[in-house]
Amino acid sequence: LVQWMWGGFAVDNATLTRFFSLHFLVPFVIMGLSVLHLLFLHQSGSNNPLGLSSDSDKVPFHSYYTFKDL
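In the numbering used here, the protein residues as written are 369 to 438.
Encoded structure:
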């Protein structure tokens with residue numbers, strides 16, 4: 369695997385160039401994927417993708433709900 373990816377175990381000029389070029393490009397790749405994610409996946413998505421109940425924080429035995437349901 370090391371031979372295939374890096375060209376060997378020795379740290380020479382080609383290995384350093386490959387290492388630094390990959391580490392230079394990785395933040396731009398992440399940023400590009402984040403922009404694509406925001407543009408396409410959030411364009412028509414729901415604000416509640418899991419379908420959770422939005423009234424889970426309401427206390428059902430509160431006096432407002434007690435009087436409202438009478």
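Built from N, CA and C at the ideal position, the CB exists for glycine as well. All of these numbers come straight from a predicted model, not from anything done at the bench.
Would you tell me roughly how many angstroms separate the C-alpha atoms of residue i and residue j, rounded to the nearest one?
i: Leu-409; j: Ile-398; result: 16 Å
i: Ser-424; j: Leu-407; result: 30 Å
i: Ser-389; j: Gly-400; result: 17 Å
i: Phe-392; j: Ser-422; result: 43 Å
i: Gly-419; j: Ser-402; result: 24 Å
i: Asn-439; j: His-405; result: One cannot answer for residue 439 here, as it falls past the ends of the chain, which runs 369 to 438.
In three-state terms, what does DSSP make of residue i?
i: Ser-389; result: helix
i: Ser-421; result: coil
i: Asn-415; result: coil
Can you tell which of the options has its C-alpha closest to the C-alpha of residue i?
i: Phe-387; options: Met-373, Asp-425 and Phe-396; result: Met-373
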